[in-house]
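Asks: Those letters in the sequence shown? Residues 10 to 406, per our numbering, in order. Using N, Cα and C, we set each Cβ at its ideal position, and we do this for glycine too. Here it is: the structure, laid out below.
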Amino acid sequence: MKKLSFLLIFSLLLFTACKKDHVDANSTQTLQSSINDMASSLTTIKQIKFNEALYILKTFGVEAEGDVNELKALGQLINGKKVPEILSMADDVAQKNGIEWASTAPPSLGEMNIFGDETAKESDPNDVRASSLNLATQLSGDTGNGPTAMQIIPRLVDNAGKPIAFTGAALETTLEVFSNGVKLSTAKNLMQDNNFRGFSLKFSSLLASKIVDNKIDITVSVKTTAKTFKMSKIGLDVNPSALRVPEVPKTDSTMVVEDPNAVIDPNNPTGTTPGTVTDPNSTTPAQPKQPTADPKSTVSKFLNNVSSQNLKAAFDSSSNPSWGSYESFSNPTSGFGAVKNVSVKNITTNASNPNAASVNATYDVTDKNGRTTSLKATFGLKSVNGEWKISSYKINP
Numbered sequence: 010m011k012k013l014s015f016l017l018i019f020s021l022l023l024f025t026a027c028k029k030d031h032v033d034a035n036s037t038q039t040l041q042s043s044i045n046d047m048a049s050s051l052t053t054i055k056q057i058k059f060n061e062a063l064y065i066l067k068t069f070g071v072e073a074e075g076d077v078n079e080l081k082a083l084g085q086l087i088n089g090k091k092v093p094e095i096l097s098m099a100d101d102v103a104q105k106n107g108i109e110w111a112s113t114a115p116p117s118l119g120e121m122n123i124f125g126d127e128t129a130k131e132s133d134p135n136d137v138r139a140s141s142l143n144l145a146t147q148l149s150g151d152t153g154n155g156p157t158a159m160q161i162i163p164r165l166v167d168n169a170g171k172p173i174a175f176t177g178a179a180l181e182t183t184l185e186v187f188s189n190g191v192k193l194s195t196a197k198n199l200m201q202d203n204n205f206r207g208f209s210l211k212f213s214s215l216l217a218s219k220i221v222d223n224k225i226d227i228t229v230s231v232k233t234t235a236k237t238f239k240m241s242k243i244g245l246d247v248n249p250s251a252l253r254v255p256e257v258p259k260t261d262s263t264m265v266v267e268d269p270n271a272v273i274d275p276n277n278p279t280g281t282t283p284g285t286v287t288d289p290n291s292t293t294p295a296q297p298k299q300p301t302a303d304p305k306s307t308v309s310k311f312l313n314n315v316s317s318q319n320l321k322a323a324f325d326s327s328s329n330p331s332w333g334s335y336e337s338f339s340n341p342t343s344g345f346g347a348v349k350n351v352s353v354k355n356i357t358t359n360a361s362n363p364n365a366a367s368v369n370a371t372y373d374v375t376d377k378n379g380r381t382t383s384l385k386a387t388f389g390l391k392s393v394n395g396e397w398k399i400s401s402y403k404i405n406p
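Pasting the structure below:
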């Protein structure tokens with residue numbers, strides 16, 4: 010009898026020892042099995058919060074399309090993690106996405122099962138009965154230069170167009186932003202009731218070069234147990250001055266002069282070594298052709314060509330490896346292609362010898378969104394076949 014009792018106890022210990030306390034994502038089966046093992050060691054309330062955390066991570070913590078791919082991505086994200094780590098990760102994701110959820114709060118999302126089907130249960134809080142989806146938009150954040158954001162608020166409504174009442178749901182709500190048919194961004198959130206605050210779309214998150222005619226289109230979808238509701242609004246105006254524009258041409262502000270000849274010693278502008286004696290009997294090699302023009306005229310022509318968007322001529326007047334290819338130089342978002350106008354205030358030759366020169370220029374740059382920046386720059390130039398070529402560029406404080 011004692012022996013039988015010992016065997017039963019040993020079997021129970023062995024069974025308990027085989028239970029996993031961390032996620033095993035080697036396959037969908039091991040993922041589900043390990044999660045079930047982890048949940049079984051928790052209290053009922055903790056089990057619910059654990060399942061909610063997994064749902065938050067699967068829905069908002071990974072970038073994937075479709076339930077199967079989302080589940081695989083979730084497995085990769087939490088592989089090897091234990092319950093406290095997963096709860097902490099879900100807290101971070103919820104906070105980042107503006108979701109009113111916390112691992113320490115009471116259960117709020119109903120019955121979450123990332124492996125289960127979506128058929129309605131007798132008390133399924135996501136089985137919300139609605140007729141359609143309405144969208145309201147409102148500009149916000151005006152600090153004197155126009156609005157900086159757009160609030161987008163979806164509402165589930167009945168046949169009469171009135172918002173319906175529901176609570177305790179976890180309806181996956183997705184916002185997609187387009188311009189001229191090109192998707193610019195996607196955001197997700199949870200609609201837990203019809204007081205959902207929606208999405209705050211910051212214009213600074215949208216790249217100005219991707220916006221056509223300063224207008225965007227939006228599509229919002231809300232997923233209930235039985236149906237996914239979708240609504241779009243077309244041709245919404247955005248504030249062009251609040252859109253994200255790469256700084257041009259400040260992309261070169263950290264560059265150092267790469268051509269040593271572009272740095273002129275004012276005490277020795279000719280570049281000769283003091284005390285050097287030239288042998289009159291030696292054969293003098295043919296001297297390269299020296300430029301006769303003032304180096305500041307090259308800088309002036311360069312800035313005028315950029316201002317008139319004659320970028321090929323501007324690029325041809327340079328020999329600066331930091332500017333890369335012509336395509337990179339003329340890029341409309343990160344290169345000189347984003348410049349609308351250059352207003353030159355002053356150009357002076359700082360130092361010059363037959364092989365290299367340094368020119369200072371002060372000018373205002375206006376980009377294609379009307380934003381003007383005042384710049385002080387130093388251009389390094391070198392002699393190439395009798396012509397001055399811009400070989401370096403540096404923004405000064």
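#1: Assuming residue 238 contacts residue 139 (C-beta within less than 8 Å), just tell me the rounded distance between them.
#2: To the nearest angstrom, how far is it from the Cα of residue 214 to the Cα of residue 254?
#3: In three-state terms, what does DSSP make of residue 110?
#4: Take every Cβ of the stretch 153-161, pair it with every Cβ of the stretch 210-224, and state whether three or more of those distances are shorter than 8 Å.
#5: For residue 247, which option in 154, 53, 104, 338 has the closest C-alpha, if you only look at C-alpha atoms?
#6: Take residue 91 and list the residues in its own chain whose beta-carbon comes closer than 7 Å to its own, dropping the five residues that flank it on each side.
#7: Using the rule of at least 16 other Cβ atoms within 10 Å of the residue's Cβ for burial, across every protein chain shown, is residue 163 buried or exposed?
#8: In whole angstroms, give me the CA-to-CA distance for residue 71 and residue 401.
#9: Whose C-alpha, out of 47, 351, 242, is nearest the C-alpha of residue 147?
#10: Can you tell me the Cβ-Cβ gap for residue 367 and residue 359, rounded? I've got them flagged as a contact below 8 Å.
#11: Would you grab the beta carbon distance between residue 61 and residue 116 for me? Rounded to a whole angstrom, and I think it's under 8 Å.
#12: So the candidates are 69, 89, 76, 68; which of them puts its Cα closest to the Cα of residue 44?
#13: What whole-angstrom Cβ distance do residue 382 and residue 354 have, given they're in contact under 8 Å?
#14: Taking its Cβ as the centre, do 16 or more other Cβ atoms sit within 10 Å of residue 124, making it buried, or is it exposed?
#15: Nearest by alpha-carbon distance to residue 111: which of 141, 142, 65 is it?
#16: Helix, strand or coil: how does DSSP classify residue 162 here?
#17: Would residue 404 pass as a contact of residue 326 if the rule is Cβ separation under 8 Å?
#18: To the nearest angstrom, how far is the alpha carbon of residue 231 from that of residue 79?
#19: In whole angstroms, what is the alpha-carbon distance linking residue 334 and residue 321?
#20: Find out if the Cβ-Cβ distance for the pair residue 102, residue 59 is shorter than 8 Å.
#21: Report the option in 209, 98, 185, 218 whose CA atom is closest to the CA atom of residue 228.
#22: Near residue 86, what residues of its chain come up, given a Cβ to Cβ distance below 7 Å and the 5 sequence neighbours on each side ignored?
#23: Check whether the stretch 309-320 touches the stretch 342-352, counting contact only when three or more Cβ pairs, one atom from each stretch, lie closer than 8 Å.
#24: Output the boundary residues of the alpha helix (DSSP H) element that contains residue 390.
#25: Round the Cβ separation of residue 226 and residue 188 to the nearest angstrom and send it over; I've been treating them as touching at under 8 Å.
#26: According to DSSP, what are the bridge partners of residue 402?
#27: So, helix, strand or coil for residue 157, using DSSP?
#28: For residue 335, which of helix, strand or coil comes out of DSSP?
#29: Do residue 234 and residue 133 have their C-beta atoms within less than 8 Å of each other?
#30: Anyone know if the C-beta pair for residue 390 and residue 307 falls short of 8 Å?
#31: For the beta strand (DSSP E) containing residue 244, list its first residue and its last residue.
#32: Check whether the Cβ atoms of residue 34 and residue 84 lie closer than 8 Å to each other.
#33: Nearest to residue 194 by alpha carbon, out of 173, 219, 200?
#34: Helix, strand or coil for residue 38 per DSSP?
#35: For the candidate residues 376, 369, 364, whose alpha-carbon lies nearest to that of residue 396?
Replies: So, from the listed chains and residues:
#1: 7 Å
#2: Each residue's Cα considered, the two are about 10 Å apart.
#3: coil
#4: yes
#5: 154
#6: 30, 31
#7: buried
#8: Distance between the alpha carbons of residue 71 and residue 401 is about 43 Å.
#9: The residue with the shortest Cα to Cα distance from residue 147 is 242.
#10: 4 Å
#11: 7 Å
#12: 89
#13: With 8 Å as the limit, residue 382 and residue 354 do not qualify as a contact, their Cβ atoms being about 13 Å apart.
#14: Exposed, by the Cβ-count rule.
#15: 65
#16: When DSSP states are grouped into helix, strand and coil, residue 162 belongs to the strand group.
#17: When the beta-carbon positions are compared, residue 404 and residue 326 stay at least 8 Å from each other.
#18: 18 Å
#19: Spanning the two alpha carbons is a distance of roughly 11 Å.
#20: no
#21: Of the residues 209, 98, 185, 218, the one whose Cα lies closest to the Cα of residue 228 is 185.
#22: 66, 70, 71
#23: yes
#24: According to the DSSP assignment, residue 390 belongs to no alpha helix (DSSP H) but to the beta strand (DSSP E) extending over 381-393.
#25: 7 Å
#26: 388
#27: coil
#28: Three-state result, residue 335: helix.
#29: yes
#30: yes
#31: Residue 244 -> beta strand (DSSP E) spans 237-246.
#32: Less than 8 Å separates the beta-carbon of residue 34 from that of residue 84.
#33: 219
#34: In the three-state reduction of the DSSP assignment, residue 38 falls in the helix class.
#35: 364
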